[in-house]
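Residue numbers (this note's numbering): 1015 to 1076.
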């Protein structure tokens, strides 16, 4: 059974970006402004995080 712990949204309003993080367990919400440059690099950050958390096994040479 899956349990949702956090929910995140990136909201844009009039060119301003805000990251909204909801802690579902504690029923709290935090938000912080995010610069556009960081928003533009988000796919790169996610790829790096995925690579770090799920490294591909190295191939051994014989």
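The beta carbon of each residue, even a glycine, is placed where N, CA and C say it ideally should be.
Remember, predicted model here, so these are calculated numbers, not experimental data.
What number of angstroms, rounded off, separates the C-alpha of residue i from the C-alpha of residue j?
| i | j | result |
| --- | --- | --- |
| residue 1036 | residue 1070 | 31 Å |
| residue 1049 | residue 1016 | 33 Å |
| residue 1038 | residue 1023 | 13 Å |
| residue 1055 | residue 1061 | 10 Å |
| residue 1021 | residue 1041 | 11 Å |
| residue 1028 | residue 1059 | 24 Å |
Where do the N-terminal and C-terminal ends of the beta strand (DSSP E) with residue i fall, by residue?
| i | result |
| --- | --- |
| residue 1048 | 1042-1048 |
Spatial neighbours of residue i within its chain, please: CB distance less than 6 Å, with the 5 preceding and 5 following residues excluded, ordered by chain position.
| i | result |
| --- | --- |
| residue 1046 | 1033 |
| residue 1051 | none |
Excluding sequence positions up to five away, which residues of its chain have a Cβ less than 7 Å from the Cβ of residue i?
| i | result |
| --- | --- |
| residue 1095 | This structure cannot speak to residue 1095, because the chain is shown only from 1015 to 1076. |
Can we count residue i as close to the ligand COA, meaning its CB is less than 7 Å from some heavy atom?
| i | result |
| --- | --- |
| residue 1066 | No copy of the ligand COA appears in this structure; indeed no ligand is present at all. |
Sort out for me which residues DSSP pairs residue i with in a bridge.
| i | result |
| --- | --- |
| residue 1032 | 1025 and 1047 |
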